[in-house]
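First residue of the sequence shown: 64, per the numbering used here; consecutive thereafter. C-beta atoms are modelled at their ideal positions from N, C-alpha and C, and glycine is treated no differently. To start, the structure itself, in structure tokens.
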Amino acid sequence: MSLTGTHRLLFVMGFLDLFGVSLILPLFLPVVKGLGVSHVTAGCVTSLYGAIQLFSSPVVGSCSDVVGRRRVLLGCLAATALSYMVLGASHSLLIVIVARVIAGTFKHSQTICRALLADVTSSEDRSRVFGTFNATSSMGFIVGPMLGGHLSELHNGFTLVCNLGAAIFLVNCVLCWACIPENMVKEPGEKKKKEIQSEDNLLQMMNLVREVDWHVLWPIFTIRFLLSFSSLVYRSNFSLLIEQNFGAGPRVIGYLISFQGVISVMAGFMTGYISRYYHNSRTELYHSSCLLTLALVGLTVAPSLPLLLLFLVPLCLSNAITRVSGTAITISLCQPEQIGSVTGLGQSVTSVARMVTPLVAGVSQEISVYGPGLMGAAAATAGATLAGYMAHVNGKLKKA
Numbered sequence: 064m065s066l067t068g069t070h071r072l073l074f075v076m077g078f079l080d081l082f083g084v085s086l087i088l089p090l091f092l093p094v095v096k097g098l099g100v101s102h103v104t105a106g107c108v109t110s111l112y113g114a115i116q117l118f119s120s121p122v123v124g125s126c127s128d129v130v131g132r133r134r135v136l137l138g139c140l141a142a143t144a145l146s147y148m149v150l151g152a153s154h155s156l157l158i159v160i161v162a163r164v165i166a167g168t169f170k171h172s173q174t175i176c177r178a179l180l181a182d183v184t185s186s187e188d189r190s191r192v193f194g195t196f197n198a199t200s201s202m203g204f205i206v207g208p209m210l211g212g213h214l215s216e217l218h219n220g221f222t223l224v225c226n227l228g229a230a231i232f233l234v235n236c237v238l239c240w241a242c243i244p245e246n247m248v249k250e251p252g253e254k255k256k257k258e259i260q261s262e263d264n265l266l267q268m269m270n271l272v273r274e275v276d277w278h279v280l281w282p283i284f285t286i287r288f289l290l291s292f293s294s295l296v297y298r299s300n301f302s303l304l305i306e307q308n309f310g311a312g313p314r315v316i317g318y319l320i321s322f323q324g325v326i327s328v329m330a331g332f333m334t335g336y337i338s339r340y341y342h343n344s345r346t347e348l349y350h351s352s353c354l355l356t357l358a359l360v361g362l363t364v365a366p367s368l369p370l371l372l373l374f375l376v377p378l379c380l381s382n383a384i385t386r387v388s389g390t391a392i393t394i395s396l397c398q399p400e401q402i403g404s405v406t407g408l409g410q411s412v413t414s415v416a417r418m419v420t421p422l423v424a425g426v427s428q429e430i431s432v433y434g435p436g437l438m439g440a441a442a443a444t445a446g447a448t449l450a451g452y453m454a455h456v457n458g459k460l461k462k463a
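Structure, rendered in structure tokens:
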């Protein structure tokens, strides 16, 4: 596989994207709580982002199919930068909500970048390219939380961190405007798309969503939801779990988050080799989802921090593999002109999980300290069962 300049550019943009996000993400919940709201209200504000993304992801993905990836990506990056500037200037819950509404509506740069990668990559190389993209993007999570934590201790630190995050997204916006061609991919239906009048774009986007073969896609979407839910429900209250179980402070928690970032980067670079070994994304997804189940069980019952660190390794590895193999399977089940729509719908699946997991994790932790881990392990078991069935059916069809 030979990487083009476009591949490398999108890898850099993916890194900057998650670097900007990780600067702010660990600080968001403490800032919301600092406004004097309850834990329930803070959880609802946290869930708001995922709820909005549930509806905006397929629309933005379809829009990229109709009006072009570059235009949509430029708009998403600029709007995300605006949302971070608004968040940095917030002194009330209302302004925080406005900022999250803007971000939830337009923060789809990772999704559009993946669609661009799918456009310029052969089907045989997509798993490896997606793995490299995820790995380089995850590098942002290694340094972002630590840098954001240090800057937040300065005068008006949170505002400084938010403005830095906004500046990073503006840099990505400039890179997109200067380096990504207007018509990078010549698709069969491109001429027809150009003839569509602007007032018909929304109708065309809705038609693309309706034309998706849901009978074919619902199994992989269900599996992706269960696996996303299993990981997110454990990680939603990760800091609180570590503090409650092991008495760890913010510094230790920060190192644990950075450790996961390092493992995720290494795992991302390994996914291409793993995919080449399997030559079958469905079997790969099944085995990695089984590994995810075992990792969540181990994390739930780990009696010490060293053992917790040990089980974080298979958690990060399995997450990287399931994300890549799930995306590869999803794209393989749709038509080329539907890649943006289906990729956006796939992102909506994760958005549903992201929307419900903060509340589910909070309720389950009220019942038991092991609640989030057990909920995650149960969801991962269900996802692994469905993935195994899908791999079995696919194997029988190939033999027939």
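Find out if the Cβ-Cβ distance for the pair residue i, residue j is shorter than 8 angstroms.
i	j	result
Leu111	Ser414	no
Thr222	Ala152	yes
Leu86	Leu217	no
Thr49	Ile115	Outside the shown range of the chain (64 to 463) lies residue 49, about which nothing can therefore be said.
Ser190	Thr334	yes
Ala440	Cys353	no
Gly425	Gly212	no
Tyr349	Ala454	yes
Would you decide whether residue i is buried or exposed? Buried here means 16 or more other CB atoms lie within 10 Å of its CB.
i	result
Leu180	buried
Leu157	exposed
Ser395	exposed
Arg386	buried
Arg71	exposed
Arg339	exposed
Asn219	exposed
Ala383	buried
Val123	buried
Ser101	exposed
Gly203	buried
Measure the C-alpha to C-alpha separation of residue i and residue j and round it to an integer number of angstroms.
i	j	result
Lys257	Val135	The pLDDT assigned to Lys257 is 41, lower than 50, so where the model puts this residue is not dependable; a value taken from the coordinates is nonetheless given after this. Cα-Cα distance, rounded: 15 angstroms.
Pro121	Phe292	19 angstroms
Phe175	Arg133	Reading off the sequence shown, one finds Ile at residue 175, where the question assumed Phe. Roughly 9 angstroms between the two C-alpha positions.
Thr67	Thr184	10 angstroms
Ser411	Asp128	16 angstroms
Cys225	Tyr297	26 angstroms
Leu437	Val325	25 angstroms
Ala142	Asp188	32 angstroms
Gln323	Leu380	10 angstroms
Val9	Ala443	Since the first and last residues shown for the chain are 64 and 463, residue 9 lies out of range.
Phe193	Gln173	11 angstroms
Leu73	Ile430	44 angstroms
What would DSSP say about residue i, mapped onto helix, strand or coil?
i	result
Gln398	coil
Lys170	coil
His350	helix
Glu429	helix
Leu98	coil
Asp128	helix
Met438	helix
Gly138	helix
Val328	helix
Ser185	coil
Ser302	helix
Ile175	helix
Ala365	coil
Spatial neighbours of residue i within its chain, please: CB distance less than 8 angstroms, with the 5 preceding and 5 following residues excluded, ordered by chain position.
i	result
Gln307	Val432
Thr393	Leu280, Ile283, Phe284, Arg287, Val405, Thr406 and Gly409
Leu449	Pro282, Thr285, Ile286 and Leu289
By Cβ distance, which residues of its chain are closer than 6 angstroms to residue i, with the 5 residues on each side in sequence left out?
i	result
Phe332	Ala198
Ser302	Ile316
Ala144	Ala229, Phe232 and Leu233
Val423	Val296
Leu368	Phe309
Gly113	Ser414, Arg417 and Met418
Quick one: is the Cβ of residue i within less than 7 angstroms of any heavy atom of the ligand ZN?
i	result
Ser293	In the structure shown, the ligand ZN is absent, as is every other ligand, since no ligand is present at all.
Can you list, in chain order, the residues of its chain whose CB lies under 7 angstroms from that of residue i, leaving out five sequence neighbours each side?
i	result
Ala166	Tyr112, Thr143 and Ser146
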